[in-house]
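Line by line, the protein sequences are chains P and D.
Numbering-wise, our numbering comes out as the position in the first sequence, counting from 1, plus 47.
Numbering-wise, our numbering comes out as the position in the second sequence, counting from 1, plus 47.
Note that CB positions come from ideal geometry on N, CA and C, so glycine has one too.
Data block below; observations after.
Number of protein chains: 2
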Amino acid sequence: VIRMPLSERKLIERIRRSARGGEGVVTGIGDDCAVLRIPSGHEMLVTTDFSIENVHFRRDWHPPELVGWRCLTRGLSDIAAMGGEPLAAFLSLAIASDVPQQWVSRFLKGLLKLAKKFNVPLAGGDTAQSKGGIQADIIVVGSVPEGKAILRSGAKPGDQIYVTGKLGAASAILKNLQQSELSKSKQSRAKRVPVPIIRQLRPLPRLEIGQWLRERRMASAMIDLSDGLSTDLDHLCEESHVGAEIEAEGIPRARLGSAKSRSAKNPVALEFALHGGDDYELLFTSTAELPSKVAGVQVTRIGRITKTLGMRLLGDDKAQRLKAGGWEHFTKQE
Amino acid sequence: VIRMPLSERKLIERIRRSARGGEGVVTGIGDDCAVLRIPSGHEMLVTTDFSIENVHFRRDWHPPELVGWRCLTRGLSDIAAMGGEPLAAFLSLAIASDVPQQWVSRFLKGLLKLAKKFNVPLAGGDTAQSKGGIQADIIVVGSVPEGKAILRSGAKPGDQIYVTGKLGAASAILKNLQQSELSKSKQSRAKRVPVPIIRQLRPLPRLEIGQWLRERRMASAMIDLSDGLSTDLDHLCEESHVGAEIEAEGIPRARLGSAKSRSAKNPVALEFALHGGDDYELLFTSTAELPSKVAGVQVTRIGRITKTLGMRLLGDDKAQRLKAGGWEHFTKQE
Numbered sequence: 048v049i050r051m052p053l054s055e056r057k058l059i060e061r062i063r064r065s066a067r068g069g070e071g072v073v074t075g076i077g078d079d080c081a082v083l084r085i086p087s088g089h090e091m092l093v094t095t096d097f098s099i100e101n102v103h104f105r106r107d108w109h110p111p112e113l114v115g116w117r118c119l120t121r122g123l124s125d126i127a128a129m130g131g132e133p134l135a136a137f138l139s140l141a142i143a144s145d146v147p148q149q150w151v152s153r154f155l156k157g158l159l160k161l162a163k164k165f166n167v168p169l170a171g172g173d174t175a176q177s178k179g180g181i182q183a184d185i186i187v188v189g190s191v192p193e194g195k196a197i198l199r200s201g202a203k204p205g206d207q208i209y210v211t212g213k214l215g216a217a218s219a220i221l222k223n224l225q226q227s228e229l230s231k232s233k234q235s236r237a238k239r240v241p242v243p244i245i246r247q248l249r250p251l252p253r254l255e256i257g258q259w260l261r262e263r264r265m266a267s268a269m270i271d272l273s274d275g276l277s278t279d280l281d282h283l284c285e286e287s288h289v290g291a292e293i294e295a296e297g298i299p300r301a302r303l304g305s306a307k308s309r310s311a312k313n314p315v316a317l318e319f320a321l322h323g324g325d326d327y328e329l330l331f332t333s334t335a336e337l338p339s340k341v342a343g344v345q346v347t348r349i350g351r352i353t354k355t356l357g358m359r360l361l362g363d364d365k366a367q368r369l370k371a372g373g374w375e376h377f378t379k380q381e
Numbered sequence: 048v049i050r051m052p053l054s055e056r057k058l059i060e061r062i063r064r065s066a067r068g069g070e071g072v073v074t075g076i077g078d079d080c081a082v083l084r085i086p087s088g089h090e091m092l093v094t095t096d097f098s099i100e101n102v103h104f105r106r107d108w109h110p111p112e113l114v115g116w117r118c119l120t121r122g123l124s125d126i127a128a129m130g131g132e133p134l135a136a137f138l139s140l141a142i143a144s145d146v147p148q149q150w151v152s153r154f155l156k157g158l159l160k161l162a163k164k165f166n167v168p169l170a171g172g173d174t175a176q177s178k179g180g181i182q183a184d185i186i187v188v189g190s191v192p193e194g195k196a197i198l199r200s201g202a203k204p205g206d207q208i209y210v211t212g213k214l215g216a217a218s219a220i221l222k223n224l225q226q227s228e229l230s231k232s233k234q235s236r237a238k239r240v241p242v243p244i245i246r247q248l249r250p251l252p253r254l255e256i257g258q259w260l261r262e263r264r265m266a267s268a269m270i271d272l273s274d275g276l277s278t279d280l281d282h283l284c285e286e287s288h289v290g291a292e293i294e295a296e297g298i299p300r301a302r303l304g305s306a307k308s309r310s311a312k313n314p315v316a317l318e319f320a321l322h323g324g325d326d327y328e329l330l331f332t333s334t335a336e337l338p339s340k341v342a343g344v345q346v347t348r349i350g351r352i353t354k355t356l357g358m359r360l361l362g363d364d365k366a367q368r369l370k371a372g373g374w375e376h377f378t379k380q381e
């Protein structure tokens, strides 16, 4: 109804100049569709993920490069969770008229930096005017040898549960930002988390370890940690029709440096590692005993799959029922 | 930052229940990625298109079923413009908290009705909270035999230019709606375009004719008419490094029934057929003489490709320079 052909066109031109063809991209930006070639004997993977201003990020908190980087991470992490290889990315970007061109340039810079790191061409997308704020939808297309995708539905009772990396950094930092904003509004001294710490939040999608697990048929089920451990484990259990026991002490917690003394790093509270989202690590199940490091990334056993449905969190001397996004104390020990 | 896991989950469940697997969909909604099988010897097509409230539609004007239908049309029409076959659709949907559930149900109903018509499974997507209004991004994946996609870049001087169907209905009706709103705000009698006419606006993506042209190698270049004839022809000329001459009288104009006498149908003004968007017909070039009807759809020759760059509109006794989205009168005849 209301259109901005000129600035849309500028945006397309900018993306087009930044985008590079890859070997799988026959025709990229500039036609009705992109044309891609899938390696023979492979199936195709497709994933889409929104990054929405004031839902997934805030312009006053997150540097635009970080928003762009994390936007693409969301898609690549889903490809990693299938054991797949990314082939091309597509970006649908809606921008309100009050968003500075500079913001868009820096957003694209961050996105393309990660794309280059994993050799993923930006092969198309759409641009539009938004009636408020920024909405980005990232689509990543990948491939996996036929029948070899690692699904959420393959976990069996007795399988061990593993996670890559360390958990809880993203949500702990967000909480800090929210609290410092609250204290600011109460006229007390603002405790903004310094930009260097925000800049640490550049999650690397775990593509290499996903492929490593797929090639060795070492994972019976896998999911990426985008919603938080408890929620994503719940998804995996639901799809596999199993339950799970998690050892609280076993969960690898991220350590954050404080603003004053960068050397003193404290692990985040358990609730962030357990329920916080946006870590983009992998959660997988396996009958095998995994090495503690794969492709340079820490791998930690955190529990096991059970026949009994539901999730339980095992502590020092008690068990709690674990629910997606929160947990309830049992009245008696189990 | 702020999440609505419960209602998002409800939405996913609703989409999941509505969605059906297709023969190409190995794994659909419910995993990190969808897994698709591409027919052997085929390349993959990917297209993404936003449908944004108050940009592409208005909630007070467009019935939700129509918004859903047109949302998917945008994607399928791009597949048609490559001569391809759709394989699966993905929907990323962001909804503000004040949007009634009923609106979402009716939107999905319209989208899935068109999906069923063309046997395209809804195989995944994303859902999110929006901070205002509705943003939908449709992704359609299709396939085409290797090397056979009809691109925008293949037009040669001397090729004839054709369009399918009739043009200008969507933009003419929008103009009516805008004018009746203006007159309404001036306290004069509102002239709302009646719902039956809006309901006529259910464009059918021209998949069959696109495939017909590709199978017979009859089209040298093709694009779908989403931005308007003058703008889309300009895109095609730019990609093919050619110019074009269009005969004003030759452009097939849509006829709209008036509210009072549905029998008296008048063709829309030339400017709507020439510059109005959202028709979702195909524009293609060919050295062949096409039949006047293909797959039940009218095919009309409207001009020819020229070596001289730029577009010209030929009238009764004069030629005008034709520009994307508007035209300028020449001071002298050519």
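Is there a C-beta anywhere in chain P that falls below 8 Å from the one on residue i?
i                         : result
aspartate 96 of chain D   : yes
lysine 178 of chain D     : yes
aspartate 281 of chain D  : no
leucine 30 of chain D     : Outside the displayed span of chain D (48 to 381) sits residue 30 of chain D, for which this structure offers no information.
isoleucine 186 of chain D : yes
arginine 261 of chain D   : no
arginine 84 of chain D    : yes
alanine 291 of chain D    : no
isoleucine 126 of chain D : yes
aspartate 78 of chain D   : yes
aspartate 364 of chain D  : no
aspartate 173 of chain D  : yes
glycine 201 of chain D    : no
alanine 141 of chain D    : yes
glycine 131 of chain D    : yes
Using three-state DSSP, classify residue i as helix, strand or coil.
i                       : result
arginine 249 of chain D : coil
State the start and end residues of the unbroken alpha helix (DSSP H) segment that holds residue i.
i                            : result
alanine 320 of chain D       : 317-322
isoleucine 256 of chain P    : 254-262
phenylalanine 154 of chain P : 148-164
Taking residue i and residue j to be in contact with their CB atoms under 8 Å, please state how far apart those CB atoms are, rounded to whole angstroms.
i                        : j                         : result
valine 82 of chain P     : glutamate 90 of chain D   : 5 Å
leucine 260 of chain D   : isoleucine 270 of chain D : Going by Cβ atoms, the distance from leucine 260 of chain D to isoleucine 270 of chain D rounds to 12 Å, so no, they are not a contact pair.
leucine 360 of chain D   : isoleucine 293 of chain D : 5 Å
leucine 119 of chain D   : alanine 136 of chain D    : 6 Å
arginine 264 of chain D  : valine 344 of chain D     : At roughly 19 Å, the Cβ-Cβ gap does not stay under 8 Å, so arginine 264 of chain D and valine 344 of chain D are not in contact.
leucine 329 of chain P   : alanine 127 of chain P    : 6 Å
proline 110 of chain P   : valine 210 of chain P     : Their Cβ separation, rounded to whole angstroms, is 27 Å, which puts proline 110 of chain P and valine 210 of chain P out of contact at 8 Å.
glutamine 258 of chain P : glycine 130 of chain P    : 6 Å
Would you verify that the beta carbon of residue i is, or is not, closer than 8 Å to some beta carbon of chain D?
i                            : result
phenylalanine 137 of chain P : yes
methionine 265 of chain P    : no
serine 81 of chain P         : According to the sequence shown, residue 81 of chain P is alanine rather than serine. Taking Cβ atoms only, chain D reaches closer than 8 Å to alanine 81 of chain P, which makes this a yes.
lysine 238 of chain P        : Unreliable placement is indicated for lysine 238 of chain P, whose pLDDT of 46 sits below 50; the coordinate value is still reported in the next sentence. Answer no: the Cβ-Cβ gap between lysine 238 of chain P and chain D never drops below 8 Å.
methionine 358 of chain P    : no
threonine 74 of chain P      : yes
isoleucine 270 of chain P    : yes
glutamine 226 of chain P     : no
isoleucine 352 of chain P    : no
glycine 297 of chain P       : no
glutamine 182 of chain P     : yes
glutamate 286 of chain P     : yes
glutamate 90 of chain P      : yes
leucine 369 of chain P       : no
Between which two residues does the beta strand (DSSP E) holding residue i run?
i                         : result
leucine 138 of chain D    : 132-142
isoleucine 350 of chain P : First, the amino acid is wrong: residue 350 of chain P is glycine here, not isoleucine. 344-353 is the extent of the beta strand (DSSP E) around glycine 350 of chain P.
threonine 332 of chain P  : 329-333
alanine 366 of chain P    : 366-370
leucine 360 of chain D    : 358-361
valine 167 of chain P     : That residue, valine 167 of chain P, is in no beta strand (DSSP E); it is neither H nor E in DSSP.
Original post:
Taking only runs of the alpha helix (DSSP H) that begin and end inside the stretch 175-240 of chain P, which ones reach a length of at least 4 residues, in chain order?
Top reply: 216-232
Original post:
Enumerated in chain order, which unbroken segments of the beta strand (DSSP E) with a length of 3 residues or greater are wholly contained in the stretch 80-128 of chain D?
Top reply: With a minimum length of 3 residues, the continuous beta strand (DSSP E) runs that stay inside the stretch 80-128 of chain D are 81-83, 89-99.
Subject >> Contact set between the stretch 93-118 of chain P and chain A, restricted to residues whose Cβ is under 8 Å from the partner >> reply: Annotation note: the requested chain A is absent from the structure, which comprises protein chains P and D.
**OP:** Identify every run of the alpha helix (DSSP H) within the stretch 264-312 of chain P, keeping only runs that are complete inside it and at least 4 residues long; order them along the chain.
**Re:** 276-287
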